[in-house]
Structure formats: C-alpha cells, structure tokens
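Residue numbers (my numbering): 600 to 786.
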C-alpha cells in the first residue's frame, strides 16, 4: 500500500532515523532498507548538486528502499523552473520509479514542487493518483486535508503537455543543471 501522507512524525520520534552524510556515497554503502525516504537537497544550481538529481543517484536510492517503500524528493519550483521540475520526474522514472508530482505553498519560497515515488514494480501512477486524490488524513493536521491534497496534485493546463523531449539527467551528463540555470536566468 502507498504509505505517503499517512504518517506525521517529528525527527525526534523514536522510530525515525535521520542520516547526515554524503548521500551518493552513503547509499552505495548501506545495506539497510528504508520504508520512507525524504530527500531535501539544494536545487541543482551547480554540476555538483546536479549529480544528486541523476539517474544513478536515484537507482542507489531505490536500492535502499523497501519493496513497498515511498521516497519523496524536493524538486525545485514548478512555477519558476518547470523544465527542471519535470526532469526530476523523468529521471526518477528512468531509474525505475513510478512518480507523482505535487506541490505545496512554502511561505519562504512560494509554490514548491516535490515528486513522490515508489518502485515501478509495486504500483502504477494511476493507482498512486487515485489514493492521493481520495486521501483523508488519519490524524489532525493544521494544513493538510483532502482539499489540500487534491490541490497539491492538480496542475495548470500546459504544465505537462509541452511536447519537450523527456531528458534524463545522468552523472556524466547532468543536464538538469543547465535547464535549471536557464529557468532562473529568465526572471
């Protein structure tokens, strides 16, 4: 089952483990499997950060995820950087994930995007959308309810039907960095 959005915990909750390490290296060494992985990297504003948005990184992330696990990745602004935002999803899909893009209003950043993912063998995108669309919080939450979840997964006309080539960012060719630079330079 899709576990996303059903667990609300703090980082000091006894069952939550946080890791502060060089992500790519650490994922290559760990043998532990995780049920939920939350990735919050800086945007791919330089080639070094862009490597953390690569197909190879996401494959390593997938190897550390339980079969039914869920991973969410911060994916930049879908408004100010729509192409790099879409590239995060394309790249994760190329690494073997089913993804659902969503966005929330972050007071200090504005409209901010994320990609929720599970391994492709486990769930289809249609199934993930259906669960998220009908989501009802199991706990009292100040800002999260069914309407908020439905708004998070709805997109403006033209956001996805762009006709662009579905570019995948790789370690050897981190194209997301160049797309990111172009997106933010426009402003």
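Even for Gly, the Cβ is constructed at its ideal location relative to N, Cα and C.
According to DSSP, is residue 722 helix, strand or coil?
Mapped onto the chain shown, residue 722 falls at position 123. Residue 722 falls in the coil class under three-state DSSP.
At least one CB of chain D closer than 8 Å to the CB of residue 673: is that the case?
Of the protein chains in this structure there is only one, and it is not chain D.
Just to confirm, is the Cβ distance from residue 679 to residue 782 under 8 Å?
On the chain shown, residue 679 is found 80 positions in, with the first residue counted as 1. On the chain shown, residue 782 is found 183 positions in, with the first residue counted as 1. Cβ distance < 8 Å, so residue 679 and residue 782 count as in contact.
Quick check: the Cα distance between residue 767 and residue 727, rounded to an integer number of angstroms?
Numbered from its first residue, the chain shown carries residue 767 at position 168. Numbered from its first residue, the chain shown carries residue 727 at position 128. About 22 Å.
Measuring only the C-alpha atoms, how far is residue 729 from residue 771?
Position 130 of the chain shown, counted from the first residue, corresponds to residue 729. Position 172 of the chain shown, counted from the first residue, corresponds to residue 771. Rounded to the nearest angstrom, the two C-alpha atoms are 36 Å apart.
May I have the straight-line CA-CA distance separating residue 733 from residue 648, to the nearest angstrom?
Position 134 of the chain shown, counted from the start, is the residue given in the question as residue 733. Position 49 of the chain shown, counted from the start, is the residue given in the question as residue 648. Distance between the alpha carbons of residue 733 and residue 648: 35 Å.
Could you check what DSSP says for residue 779 in three-state terms: helix, strand or coil?
For the purposes of this step, residue 779 is taken as residue 180 along the chain shown, with counting starting at 1. Note: residue 779 maps to helix in three-state DSSP.
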